[in-house]
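> Protein chains in written order, with the working numbering: chain L, 33 to 232; chain Z, 33 to 232; chain B, 33 to 232; chain R, 33 to 232.
From the three backbone atoms N, C-alpha and C, an ideal C-beta is built for every residue, glycine too.
My structure is below; once you've seen it, I'll send some questions.
4 protein chains.
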Amino acid sequence: MRKIAPTPTPGRPRDPETGQRILDAALRLLAAQGYSRMSLDAIAVDARVSKPTMYRRWSSKADLATAALRTLQLAEPRPDSGSTPADLIATLENFSRSLLRPNGMSLIGTVLAEEAHTPELLRLFRERIVTPRRAMLRAILDRAAERGELRAGADLDAAVQMLTGAFYARYLAQSKIEPGFARQLVEIVWNGLRKVKARR
Amino acid sequence: MRKIAPTPTPGRPRDPETGQRILDAALRLLAAQGYSRMSLDAIAVDARVSKPTMYRRWSSKADLATAALRTLQLAEPRPDSGSTPADLIATLENFSRSLLRPNGMSLIGTVLAEEAHTPELLRLFRERIVTPRRAMLRAILDRAAERGELRAGADLDAAVQMLTGAFYARYLAQSKIEPGFARQLVEIVWNGLRKVKARR
Amino acid sequence: MRKIAPTPTPGRPRDPETGQRILDAALRLLAAQGYSRMSLDAIAVDARVSKPTMYRRWSSKADLATAALRTLQLAEPRPDSGSTPADLIATLENFSRSLLRPNGMSLIGTVLAEEAHTPELLRLFRERIVTPRRAMLRAILDRAAERGELRAGADLDAAVQMLTGAFYARYLAQSKIEPGFARQLVEIVWNGLRKVKARR
Amino acid sequence: MRKIAPTPTPGRPRDPETGQRILDAALRLLAAQGYSRMSLDAIAVDARVSKPTMYRRWSSKADLATAALRTLQLAEPRPDSGSTPADLIATLENFSRSLLRPNGMSLIGTVLAEEAHTPELLRLFRERIVTPRRAMLRAILDRAAERGELRAGADLDAAVQMLTGAFYARYLAQSKIEPGFARQLVEIVWNGLRKVKARR
DNA sequence: CATGAATGAGCTTTCATTCAT
DNA sequence: AATGAATGAAAGCTCATTCAT
Numbered sequence: 033m034r035k036i037a038p039t040p041t042p043g044r045p046r047d048p049e050t051g052q053r054i055l056d057a058a059l060r061l062l063a064a065q066g067y068s069r070m071s072l073d074a075i076a077v078d079a080r081v082s083k084p085t086m087y088r089r090w091s092s093k094a095d096l097a098t099a100a101l102r103t104l105q106l107a108e109p110r111p112d113s114g115s116t117p118a119d120l121i122a123t124l125e126n127f128s129r130s131l132l133r134p135n136g137m138s139l140i141g142t143v144l145a146e147e148a149h150t151p152e153l154l155r156l157f158r159e160r161i162v163t164p165r166r167a168m169l170r171a172i173l174d175r176a177a178e179r180g181e182l183r184a185g186a187d188l189d190a191a192v193q194m195l196t197g198a199f200y201a202r203y204l205a206q207s208k209i210e211p212g213f214a215r216q217l218v219e220i221v222w223n224g225l226r227k228v229k230a231r232r
Numbered sequence: 033m034r035k036i037a038p039t040p041t042p043g044r045p046r047d048p049e050t051g052q053r054i055l056d057a058a059l060r061l062l063a064a065q066g067y068s069r070m071s072l073d074a075i076a077v078d079a080r081v082s083k084p085t086m087y088r089r090w091s092s093k094a095d096l097a098t099a100a101l102r103t104l105q106l107a108e109p110r111p112d113s114g115s116t117p118a119d120l121i122a123t124l125e126n127f128s129r130s131l132l133r134p135n136g137m138s139l140i141g142t143v144l145a146e147e148a149h150t151p152e153l154l155r156l157f158r159e160r161i162v163t164p165r166r167a168m169l170r171a172i173l174d175r176a177a178e179r180g181e182l183r184a185g186a187d188l189d190a191a192v193q194m195l196t197g198a199f200y201a202r203y204l205a206q207s208k209i210e211p212g213f214a215r216q217l218v219e220i221v222w223n224g225l226r227k228v229k230a231r232r
Numbered sequence: 033m034r035k036i037a038p039t040p041t042p043g044r045p046r047d048p049e050t051g052q053r054i055l056d057a058a059l060r061l062l063a064a065q066g067y068s069r070m071s072l073d074a075i076a077v078d079a080r081v082s083k084p085t086m087y088r089r090w091s092s093k094a095d096l097a098t099a100a101l102r103t104l105q106l107a108e109p110r111p112d113s114g115s116t117p118a119d120l121i122a123t124l125e126n127f128s129r130s131l132l133r134p135n136g137m138s139l140i141g142t143v144l145a146e147e148a149h150t151p152e153l154l155r156l157f158r159e160r161i162v163t164p165r166r167a168m169l170r171a172i173l174d175r176a177a178e179r180g181e182l183r184a185g186a187d188l189d190a191a192v193q194m195l196t197g198a199f200y201a202r203y204l205a206q207s208k209i210e211p212g213f214a215r216q217l218v219e220i221v222w223n224g225l226r227k228v229k230a231r232r
Numbered sequence: 033m034r035k036i037a038p039t040p041t042p043g044r045p046r047d048p049e050t051g052q053r054i055l056d057a058a059l060r061l062l063a064a065q066g067y068s069r070m071s072l073d074a075i076a077v078d079a080r081v082s083k084p085t086m087y088r089r090w091s092s093k094a095d096l097a098t099a100a101l102r103t104l105q106l107a108e109p110r111p112d113s114g115s116t117p118a119d120l121i122a123t124l125e126n127f128s129r130s131l132l133r134p135n136g137m138s139l140i141g142t143v144l145a146e147e148a149h150t151p152e153l154l155r156l157f158r159e160r161i162v163t164p165r166r167a168m169l170r171a172i173l174d175r176a177a178e179r180g181e182l183r184a185g186a187d188l189d190a191a192v193q194m195l196t197g198a199f200y201a202r203y204l205a206q207s208k209i210e211p212g213f214a215r216q217l218v219e220i221v222w223n224g225l226r227k228v229k230a231r232r
């Protein structure tokens with residue numbers, strides 16, 4: 033009488049949407065409350081599932097939080113206009129926008145705060161967000177180098193870290209970032225990196 | 033009948049060490065565990081006092097944590113060698129050392145992560161640490177400007193934020209900061225700020 | 033494909049006894065210790081459950097205490113023998129027995145003592161106990177009035193309150209109530225209420 | 033050089049006002065919060081003394097609370113107009129006013145609620161308040177008996193307890209007591225007690 | 001004698017996790 | 001697979017009482 037399941041995996045299949053809803057809720061709460069304040073009960077309510085449903089997919093709170101972080105993907109345009117300063121400014125303005133989203137800095141804060149307790153959070157945040165963004169900026173500078181725009185010997189990684197780090201420092205100082213900030217940064221760094229043409 | 037020196041304060045005097053021990057323990061745990069994981073029980077054990085002793089001095093967890101943060105004071109030498117890059121490098125190397133102390137970055141992380149929940153932490157951290165350091169670097173650049181070393185129109189605040197921010201970005205990318213990093217930063221920024229001498 | 037009777041409620045069902053055990057323990061402790069001394073730990077031990085099990089059912093101590101009070105139900109026979117004094121005496125003797133149960137008066141005490149702090153307790157006690165009992169006595173007198181036994185103009189509510197209140201006053205004066213007390217009360221009140229027959 | 037103290041008790045004498053302030057505060061809080069919620073800290077603040085000052089005079093919370101209760105004294109006029117009903121009504125209206133003072137019933141509640149835990153409270157309350165009031169009412173009825181106004185065989189104590197108890201019952205039912213309530217009570221009881229004149 | 005400081009034990013409430021259906 | 005029920009362990013905070021000055 034039992035119907036043979038045609039699909040290779042027997043039993044009730046998982047609803048793929050459920051997992052996504054859980055991850056979304058987890059990420060939202062992780063950013064809003066921080067890791068230790070984020071409660072699995074709150075995620076369960078938010079995602080409209082029960083807690084064992086979450087435990088079936090992830091083995092612990094840390095596991096779920098890291099899975100949620102893993103879904104973060106830097107998805108931003110990679111400008112390539114030919115003008116190095118313009119590309120840098122465009123990239124940094126995207127960065128600025130993402131930091132200023134609600135709880136944008138809180139998420140960074142919690143991965144740093146939890147480094148001793150849940151180091152995986154920081155590792156994943158690096159892998160998904162920090163490293164790709166750094167690579168984008170680095171690529172812009174590499175193209176500039178190929179075009180012979182840069183003086184020799186400049187530490188391009190240091191330049192990249194100044195450009196992004198300035199936003200952290202600015203937020204830490206004021207919780208806000210003015211429009212035009214990116215332009216000011218690029219002006220100084222570009223001046224510091226580019227090859228000075230011989231004057232006549 | 034005259035009382036020359038009446039008892040200065042009635043009642044049993046507080047052991048002045050006790051308060052300090054509590055604040056030390058609180059600051060240590062705040063940095064190590066983050067605000068929300070920091071428990072008053074743990075502080076009490078660490079400081080070898082009972083919890084009511086803590087509550088007699090501070091009215092709540094948030095009150096104690098902010099008091100602990102308030103004791104943070106930036107106490108660093110303010111180099112003034114006459115050489116702008118040398119002064120910048122010396123200041124940044126001090127900064128680097130403080131970030132690399134155990135949980136140096138975690139403390140920054142937790143004040144950011146708690147911004148929504150306990151904004152006083154971030155406010156105090158700014159007042160005690162961020163702003164003074166920014167002022168030190170700014171003063172070095174202001175002296176350079178007075179000596180006529182800088183090109184016109186450069187945004188000195190942006191420069192300061194790049195110099196400090198680069199350390200945050202570096203840590204976020206790697207959890208470590210190489211010796212010599214400060215020098216690389218200063219080279220680029222100094223190049224970007226200084227007045228270019230006419231060539232012959 | 034049709035599911036005639038789907039699982040009536042999903043998830044693990046509650047043990048119906050558990051909730052009852054908690055309510056019983058709560059009511060016992062409420063009467064024995066008073067509301068503010070009644071501790072959730074003690075209830076948990078008494079009912080052999082964990083505290084979260086209690087919090088799953090009731091959201092706070094006040095909530096649980098009021099739920100426990102709500103289970104109180106006046107379940108007493110409503111005598112209707114045709115003789116007004118006999119009915120009054122029978123009803124009051126039941127009342128007397130319930131007051132003399134262990135902590136019978138303490139429960140009344142705590143709902144009064146908590147009136148400022150947890151007014152719901154008094155409200156529920158009225159609804160479940162005081163009002164029904166008053167109605168029982170009032171009904172006896174109303175039947176007497178219908179039978180033309182009462183003189184005109186007597187305040188029957190006042191009579192009811194004297195009959196019950198005398199027990200409170202007696203307990204307050206002596207912590208005990210003699211057998212025969214109800215009869216004495218009824219004799220006076222009945223004399224005061226009934227229509228005096230013309231004498232010959 | 034030391035001056036011999038002329039008073040027989042050496043050392044600093046106690047300020048008698050201090051003790052009174054403490055007792056006043058204790059009684060106020062006992063009525064307002066109930067015994068178990070009444071905190072010695074709150075009393076100390078209210079009376080502007082330190083806690084050891086309280087412990088020097090009374091050995092425990094229970095001791096202080098009973099001492100506070102002991103200060104209660106029924107101080108009411110004892111009407112003696114020649115009219116029994118008028119005297120009863122006047123006495124009961126005083127009683128009513130004292131019950132309706134803020135927390136008048138809460139105090140009764142807490143002494144009942146604490147009977148198991150601190151029986152001394154109930155004992156003292158009886159001695160200071162309940163018994164004297166009962167005696168006042170009883171005296172009115174005794175005078176009536178002497179004047180030959182009462183029928184034989186009536187239980188005068190039961191009558192007294194109905195008259196006072198009705199107020200408890202009324203408050204328990206409604207938290208308020210209407211003006212005129214005393215008159216209604218007395219009408220019924222007086223009818224029930226007095227000697228019926230022969231009719232012709 | 002009076003003070004402010006200190007304490008051990010307790011309170012209500014919440015959490016991450018596991019169980020039973 | 002999914003649910004609601006259950007739990008041990010902890011959290012922040014307060015209390016009656018005692019100590020040291």
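Against chain L, does residue 193/Z count as a neighbour if the rule is that its beta carbon must be under 8 Å from one of theirs?
yes
> Kindly indicate which three-state DSSP category residue 36/Z falls into: helix, strand or coil?
Interpretation of residue 36/Z is limited by its pLDDT of 39, a score under 50 that renders its predicted location unreliable; the figure taken from the coordinates is listed afterwards. Secondary structure of residue 36/Z (DSSP, three-state): coil.
> Which bits of chain L does residue 92/Z rub up against, with CB to CB less than 9 Å?
Those within 9 Å of residue 92/Z in chain L number zero; the least Cβ separation is about 16 Å.
> For residue 210/L, count neighbouring C-beta atoms within 10 Å of its own C-beta (all shown protein chains included) and say buried if the count is 16 or more, exposed if not.
exposed
> Going by the beta-carbon positions, is the gap between residue 216/R and residue 78/B smaller than 8 Å?
no
> For residue 114/L, does the count of other Cβ atoms within 10 angstroms reach 16, so buried, or fall short, so exposed?
Within 10 angstroms of the beta-carbon of residue 114/L lie fewer than 16 other beta-carbons, which makes it exposed.
> Could you pull the start and end residues of the alpha helix (DSSP H) that residue 178/L belongs to?
163-178
> Exposed or buried, which one is residue 228/B when buried takes at least 16 other CB atoms within 10 Å?
exposed
> Residue 141/Z touches chain L at which residues, Cβ-Cβ below 8 Å?
140, 141, 142, 143, 144, 145, 146, 147
> Helix, strand or coil, according to DSSP, for residue 160/Z in the structure here?
helix
> Tell me which residues share the same chain as residue 99/R and place their Cβ nearer than 7 Å to its Cβ, disregarding the 5 neighbours each side in the sequence.
55, 90
> Counting pairs of beta carbons, one from the stretch 143-151 of chain R and one from the stretch 135-155 of chain B, are three or more of them closer than 8 Å?
yes
> What do you reckon, are the CB atoms on residue 110/R and residue 168/R nearer than 8 Å?
Contact flag set, yes.
> Establish whether the CB of residue 123/R and some CB of chain B are separated by less than 8 Å.
no
> Which residues in the same chain as residue 108/B place their Cβ atom closer than 7 Å to its Cβ, once the five residues preceding and following it in sequence are excluded?
126
> In angstroms with no decimal places, state the Cα-to-Cα distance between residue 185/R and residue 197/R.
21 Å
> For the alpha helix (DSSP H) containing residue 120/B, list its first residue and its last residue.
116-132
> Within a Cβ cutoff of 8 Å, which residues of the same chain sit near residue 50/R, ignoring the five residues on either side of it in sequence?
79, 81, 85
> Looking only at DSSP bridge pairs, what is residue 226/R linked to?
182/R
> Identify the contact partners of residue 224/L in chain Z, using a Cβ-Cβ distance below 8 Å as the criterion.
219, 220, 221, 222, 223, 224, 225
> Can the beta-carbon of residue 201/B be found less than 8 Å from the beta-carbon of residue 124/B?
no
> Alpha carbon to alpha carbon, how far is residue 178/L from residue 171/L?
Their Cα atoms are separated by approximately 10 Å.
> DSSP state of residue 55/R, grouped into three classes?
Reduced to three states, the DSSP call for residue 55/R is helix.
> So within the stretch 62-114 of chain R, which uninterrupted alpha helix (DSSP H) runs reach at least 4 residues, ignoring any that extend past its ends?
72-79, 83-89, 93-102
> Can you check whether the CB of residue 205/R is closer than 8 Å to the CB of residue 166/B?
Going by beta carbons, residue 166/B and residue 205/R fall inside the 8 Å limit.
> From what residue to what residue does the alpha helix (DSSP H) around residue 136/Z run?
136-145
> Examine chain L for any beta-carbon lying closer than 8 Å to the beta-carbon of residue 68/Z, and answer yes or no.
yes
> In angstroms, rounded to a whole number, what distance separates the CA positions of residue 45/Z and residue 76/Z?
20 Å
> Quick check on DSSP: helix, strand or coil for residue 232/B?
At residue 232/B, the pLDDT of 47 sits below 50, so the modelled position is not reliable; the number obtained from the coordinates is stated separately. Of the three classes helix, strand and coil, the one that applies to residue 232/B here is coil, per DSSP.
> Show which residues of chain B have a CB atom less than 8 Å away from the CB atom of residue 228/R.
Those are 228, listed as they occur along chain B.
> Alpha carbon to alpha carbon, what distance is there between residue 225/Z and residue 153/L?
Approximately 37 Å, taken between the alpha carbons.
> Hey, is residue 113/L close to the ligand COA, as in C-beta under 7 Å from one of its heavy atoms?
The ligand COA is absent from the structure shown, which contains no ligands of any kind.
> If we define contact as Cβ-Cβ less than 8 Å, is residue 31/R a contact residue for chain B?
Residue 31/R cannot be examined here, being either before or after the span of chain R that is shown, 33 to 232.
> According to a CB-to-CB cut-off of less than 9 Å, which residues of the stretch 170-185 of chain R neighbour chain B?
183, 185
> Pop quiz: residue 199/Z and residue 120/Z are said to be a contact at Cβ under 8 Å. What is the actual Cβ separation, rounded to whole angstroms?
Their Cβ separation, rounded to whole angstroms, is 13 Å, which puts residue 199/Z and residue 120/Z out of contact at 8 Å.
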